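Chains as they are written, first to last, in the working numbering: chain A, 1 to 193; chain B, 194 to 386. Ideal Cβ positions, reconstructed from N, Cα and C, are used throughout, including at glycine. Given the structure is predicted, the values throughout are model-derived calculations rather than measurements. Inspection log for the structure reproduced underneath, given as structure tokens.
2 protein chains.
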Amino acid sequence: MSAGFEVFRDYVTRHTQLSEVDFGTLEAAAKPKKLRKHQYLLQEGDVCRYHCFITKGLLRTYAVDEKGNEHVIRFAMENWWISDRESLLTEQPSKFNIDAIEDSEVLLFDKSTMQMLTDSIPAFAKMVTGVLDKSFITSQTRIHEAISSTAEEKYNTFVQRYPGFALRAPQSMIASYLGIKPETLSRLRNKKH
Amino acid sequence: MSAGFEVFRDYVTRHTQLSEVDFGTLEAAAKPKKLRKHQYLLQEGDVCRYHCFITKGLLRTYAVDEKGNEHVIRFAMENWWISDRESLLTEQPSKFNIDAIEDSEVLLFDKSTMQMLTDSIPAFAKMVTGVLDKSFITSQTRIHEAISSTAEEKYNTFVQRYPGFALRAPQSMIASYLGIKPETLSRLRNKKH
DNA sequence: CCGTAACGATGAGGTATGTCAAGAAAGCAA
DNA sequence: TTGCTTTCTTGACATACCTCATCGTTACGG
């Protein structure tokens with residue numbers, strides 16, 4: 001068993017209970033992939049074909065606006081899923097880019113494979129829906145914070161909630177994620193005492 | 194069949210195919226409820242017990258911060274679902290309020306009933322997951338806009354995407370939803386030529 | 001280990017949006 | 001209708017955050 005699948009196996013075990021046969025099915029379905037720092041998992045304009053589970057490293061989803069500014073939509077690290085669900089669902093070109101912030105490793109599950117897995121392993125289907133449910137809740141929380149907090153409050157909340165991202169991602173990307181300029185974030189960080 | 198269920202039946206028919214038996218099961222499970230303008234569907238501190246489908250009217254989810262300011266998290270009208278998924282999932286007190294902006298009618302499905310329905314009607318389960326998936330995608334889009342757009346861009350996008358909300362909700366609530374002050378929204382609207 | 005490039009820090013000044021206050025308009029109850 | 005309340009508009013001013021430019025620091029490929 002690959003190191004990558006071991007991480008995934010632990011993750012699944014933490015969320016549901018599956019037979020050895022089911023784990024075999026999962027392992028056969030997962031395509032491991034390594035990504036070097038700065039390498040793309042998905043590029044704007046391409047159709048997103050995979051649900052990706054991260055077994056190692058740190059990735060980001062970002063969009064580029066007309067003026068060429070990057071906007072980080074989200075970060076994701078070990079034990080997180082990442083994809084463009086909209087492109088995956090509609091099979092239309094993605095508006096987003098996903099790339100590696102660190103050297104990373106992921107497991108790819110293409111759309112039809114995922115369908116097969118959720119159809120044949122109900123407990124796995126339930127886990128996947130549970131993940132989606134939590135993702136939605138997290139998004140609602142972020143929206144709440146985005147519309148109601150100052151830059152400083154957003155940053156403090158971010159650091160508390162995601163210390164891993166705060167330590168591992170460059171400040172310019174964190175600023176982008178928070179919807180503020182890097183200079184503003186720098187000042188915020190340095191004004192503390 | 195009540196007028197409310199008729200709306201729901203049409204909605205379900207648009208999204209999936211169900212037998213008459215299944216529709217009977219749904220109708221038996223749905224508790225209709227009328228809400229007068231300003232009436233609460235959920236109050237902060239209470240545990241959210243229901244998935245609610247709106248058959249008539251307009252509701253909002255909002256949070257109140259320490260300073261007493263209201264922040265509108267979302268609007269929802271006919272053919273939309275509304276609830277606090279976090280409270281529903283965890284059975285912890287909600288941080289949000291949901292109330293009626295207009296006289297409204299909803300169908301309530303409590304958590305265990307919903308579980309029973311999705312367990313016994315796979316097509317319905319699939320539809321519900323599909324709705325959640327779309328909700329998540331919508332949230333991601335809103336986050337993207339929140340971090341990358343000016344107040345004016347946010348307002349224009351909002352009007353285009355949700356003309357119904359733009360016409361039916363008071364401006365102070367729309368401003369709150371966009372994360373800006375009512376005065377700012379008023380100026381934006383009136384500066385056009 | 002060096003040189004270059006990317007990143008972060010900091011200053012000066014600008015702009016979008018917020019705050020507070022007053023008045024006009026619109027909704028609503030009697 | 002009338003009067004009362006809530007919502008919207010508008011102005012003057014405050015401020016959080018942005019922009020642009022510069023410089024120090026860190027990362028990294030050769």
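- Judged by DSSP in its simplified three-state form, residue 47 of chain A adopts coil rather than helix or strand.
- Restricting attention to A:119, A:21 and A:73, the CA atom closest to the CA of residue 98 of chain A is found in A:73.
- Residue contact with chain B for residue 136 of chain A: present (Cβ-Cβ distance below 8 Å to some residue of chain B).
- The DSSP assignment places complete beta strand (DSSP E) segments of no fewer than 3 residues inside the region 238-321 of chain B at 243-249, 251-257, 263-270, 290-293 and 297-303, in order along the chain.
- Against chain B, a Cβ distance below 7 Å from residue 140 of chain A picks out 266 and 332.
- Assignment of residue 154 of chain A by DSSP, reduced to helix, strand and coil, places it in the helix class.
- Three or more pairs of CB atoms, one per stretch, sit closer than 8 Å, so the region 74-91 of chain A contacts the region 45-63 of chain A.
- Taking a C-beta distance under 8 Å as the contact criterion, residue 205 of chain B and residue 320 of chain B qualify as a contact pair.
- Note that the C-beta distance between residue 57 of chain A and residue 105 of chain A is below 8 Å.
- Beyond the five residues adjoining it in sequence on each side, residue 18 of chain A comes within less than 8 Å, by CB distance, of 12, 26, 121, 123 and 124 in the same chain, given in chain order.
- Between the region 175-191 of chain A and the region 146-166 of chain A there are three or more inter-stretch CB-CB distances shorter than 8 Å, so the stretches are counted as touching.
- Around residue 89 of chain A, the beta-carbon contacts reaching into chain B at under 9 Å are 323, 326, 327 and 330.
- In the three-state reduction of the DSSP assignment, residue 226 of chain B falls in the strand class.
- Taking C-beta atoms under 8 Å as the contact rule, residue 15 of chain A and residue 337 of chain B fail to qualify, at a distance of about 28 Å.
- Listed along chain A are 146, 147 and 148, each with a C-beta nearer than 8 Å to that of residue 372 of chain B.
- Within the same chain, Cβ atoms closer than 8 Å to the Cβ of residue 215 of chain B are found at 314, 316 and 317, the five residues on either side in sequence being excluded.
- When only Cα atoms are considered, residue 199 of chain B and residue 227 of chain B end up about 15 Å apart.
- At a beta-carbon threshold of 7 Å, the residues of chain A lying near residue 279 of chain B are 137, ordered along the chain.
- The beta-carbon of residue 344 of chain B is placed no less than 8 Å from the nearest beta-carbon of chain A.
- When secondary structure is reduced to three states using DSSP, residue 355 of chain B falls in the coil class, being assigned neither helix nor strand.
- Per the DSSP secondary-structure output, residue 233 of chain B pairs in a beta bridge with B:292.
- Along the region 292-318 of chain B, there is no position whose C-beta sits under 8 Å from a C-beta of chain A.
- Shown in chain order are the members of the region 357-383 of chain B whose Cβ falls below 9 Å from a Cβ of chain A: 369, 370, 371, 372 and 373.
- In terms of CA proximity to residue 281 of chain B, A:136 leads the group A:54, A:182, A:136 and A:46.
- With respect to the C-alpha of residue 344 of chain B, the residue from B:256, B:311, B:379 and B:360 having the closest C-alpha is B:379.
- Taking 8 Å as the CB threshold, residue 143 of chain A lines the interface with chain B.
- Less than 8 Å divides the Cβ of residue 230 of chain B from the Cβ of residue 296 of chain B.
- Only residues of its own chain outside the window of five on either side were considered, and among them 23 have a CB closer than 7 Å to the CB of residue 9 of chain A, listed in chain order.
- Exposure of residue 40 of chain A is indicated by the presence of fewer than 16 other C-beta atoms within 10 angstroms of its C-beta.
- Counting only Cβ-Cβ distances below 7 Å, residue 258 of chain B has contacts in chain A at 148, in chain order.
- In the three-state reduction of the DSSP assignment, residue 170 of chain A falls in the coil class, being assigned neither a helical nor a strand state.
- Residue 115 of chain A is positioned such that its CB atom lies no closer than 8 Å to that of residue 332 of chain B.
- Separation of residue 118 of chain A and residue 109 of chain A (C-alpha to C-alpha, rounded to the nearest whole angstrom) is 11 Å.
- With a threshold of 16 other beta carbon atoms within 10 Å, residue 305 of chain B falls short and is exposed.
- In this structure, residue 44 of chain A lies away from residue 2 of chain A, with their beta-carbon atoms at least 8 Å apart.
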